[in-house]
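**Q** In the working numbering, the protein residues as written are 2 to 194.
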Amino acid sequence: MAEAIDFSHLVDSVKGLSEKQLTQHFTLYQGYVKKLNEIEDKLKTEDKAKANFSFGEFSELMRRRSVAFNGTHLHEAYFENLEPVGEPQQIKDLLNDAFGSVDKWKEDMKASAVSTPGWVLLTWDKTEEKLKNWILFEHNIGLPVHQNIVLALDCWEHAFMIDYGIDKPTYVKTFLENINWDVVDKRLKEFMK
Ligand SMILES: [Fe+2]
């Protein structure tokens with residue numbers, strides 16, 4: 002059973018995102034956790050003999066399960082790395098290697114953000130042992146295998162519309178000023194063991 006994490010402390014620490022914007026976003030995240038639990042519960046009792054490509058209760062639940070799962074865990078990754086804490090440490094050299102410089106990586110983040118209605122993820126690609134940016138058009142579509150999520154940027158309109166309207170680039174700039182680099186470093190250390 003998944004349990005929603007309380008991220009309400011971010012209201013006091015994140016700069017440039019209002020209480021209303023953040024609170025609405027927390028509520029949306031809690032909805033994914035609820036749906037994930039509902040799907041997992043129903044899967045326990047659905048008749049697997051009725052599974053079907055066109056339509057079947059079990060099949061529909063299986064098709065939507067990864068939406069609720071990633072909807073839950075991508076939001077947790079985003080809120081965990083959303084807070085102005087620390088400076089880039091270990092990651093600095095890795096960003097230099099992968100993108101040329103930290104500023105060039107930021108340019109890549111901005112360009113990636115306007116290329117998707119959904120997520121931008123900075124990952125540790127285990128196949129090349131290198132940092133990479135990816136874009137996702139849906140919570141559960143577009144993340145290649147063998148990737149560990151180092152940083153998650155929620156670019157869905159619900160993440161910024163209240164404060165920024167359709168001005169996604171300014172929201173991304175705000176996000177880049179609110180990165181919890183301690184969390185990022187901790188994740189990297191874990192992935193690079
Ligand atoms: Fe979101």
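All residues carry an ideal CB built from backbone N, CA and C; glycine is no exception. These numbers come from a predicted model, not from an experiment.
Just the Cα atoms here: how many angstroms apart are F70 and D94?
**A** 32 Å
**Q** Can you find at least 3 beta carbon pairs, one from the segment 44-60 and one from the segment 111-128, that sit closer than 8 Å?
**A** no
**Q** Would you kindly work out how many angstroms separate the C-alpha atoms of L83 and L123, rounded to a whole number?
**A** 14 Å
**Q** Looking at the unbroken beta strand (DSSP E) that takes in L122, where does it start and where does it end?
**A** Boundaries of the beta strand (DSSP E) around L122: W120 to D126.
**Q** Does the beta-carbon of L83, which I'm using as the reference point, lie nearer than 7 Å to any heavy atom of ligand 1?
**A** No, the beta carbon of L83 sits no closer than 7 Å to any heavy atom of ligand 1.
**Q** Let me know if Q22 comes out buried or exposed under the rule of 16 or more other beta-carbons within 10 Å of its beta-carbon.
**A** buried
**Q** Output yes or no for whether 8 Å exceeds the beta carbon distance between W120 and A99.
**A** Their beta carbons are not under 8 Å apart, which means W120 does not touch A99 by this criterion.
**Q** Give me every residue whose Cβ sits closer than 6 Å to any heavy atom of ligand 1, in chain order.
**A** Those residues are H26, L29, H76, D155, W157, H159 and A160, given in chain order.
**Q** Does DSSP classify N38 as helix, strand or coil?
**A** Note: N38 maps to helix in three-state DSSP.
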